[in-house]
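With the sequence shown counted from 1, adding 81 to any position gets you my numbering.
All C-beta atoms, glycine included, are put in the ideal place defined by N, C-alpha and C.
Here is the structure we will look at.
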Amino acid sequence: MIKRIIAACCLAVSIILMALPYGVAMTLWYSGPPDFETVTLYYSYFSEMPPFGSGNFFPIATAMISIGVLMRIIIGFIAVARKKFIEDIFGKPTYISLMVCMIASILSWFVFNTITTVAVIVLILHIVAFLLLLKRKALDAITT
């Protein structure tokens with residue numbers, strides 16, 4: 082139970098970091114008469130127009146999936162508190178969603194060159210949450 086609370090806190094902190102306007106870096110090239118000039122602008126993961134308008138849908142997908150995973154964990158806490166059994170609330174969909182978040186972050190970095198310190202911290206928090214939510218059986222299956 083403690084691991085799940087820590088995982089939920091990691092996801093909540095990552096969502097707060099994603100809301101800050103320093104998560105996604107976009108490098109814009111302006112061509113002028115003397116030479117090319119580049120300007121780097123920073124946006125929130127939830128900012129839909131600049132990153133999404135340039136074709137980079139990975140940050141907003143990461144943000145929305147993270148919110149979904151956090152809601153799933155909170156629903157699991159409520160179900161456990163009310164003594165209602167929901168089978169495998171922390172199961173494969175949660176793991177797959179977190180893996181999609183991690184892959185989307187990395188793809189955004191390499192495809193669109195949008196790596197920032199906030200993005201690295203968000204990825205680390207997703208990895209920590211993923212490892213904390215893994216069950217002991219899954220960990221044993223991975224290590225053997």
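About 12 Å separates the beta carbons of I155 and I96, which is beyond the 8 Å limit, so they are not a contact pair. Distance check between L179 and each of T143, I87, T195 places T143 closest, using alpha-carbon atoms only. Look at T195 here: in three-state DSSP terms it is coil, with no helix or strand label. Bridge pairing for F117: S112 [DSSP]. Note on I159: under 16 other CB atoms within 10 angstroms of its CB, so exposed under the neighbour-count rule. Assignment of M82 by DSSP, reduced to helix, strand and coil, places it in the coil class. Per DSSP, F139 is one residue of the alpha helix (DSSP H) stretching across 139 to 162. Spanning the alpha carbons of T119 and L204 requires a straight line of approximately 27 Å. Taking a 10 Å sphere around the C-beta of F211, we find 16 or more other C-beta atoms and assign the residue as buried.
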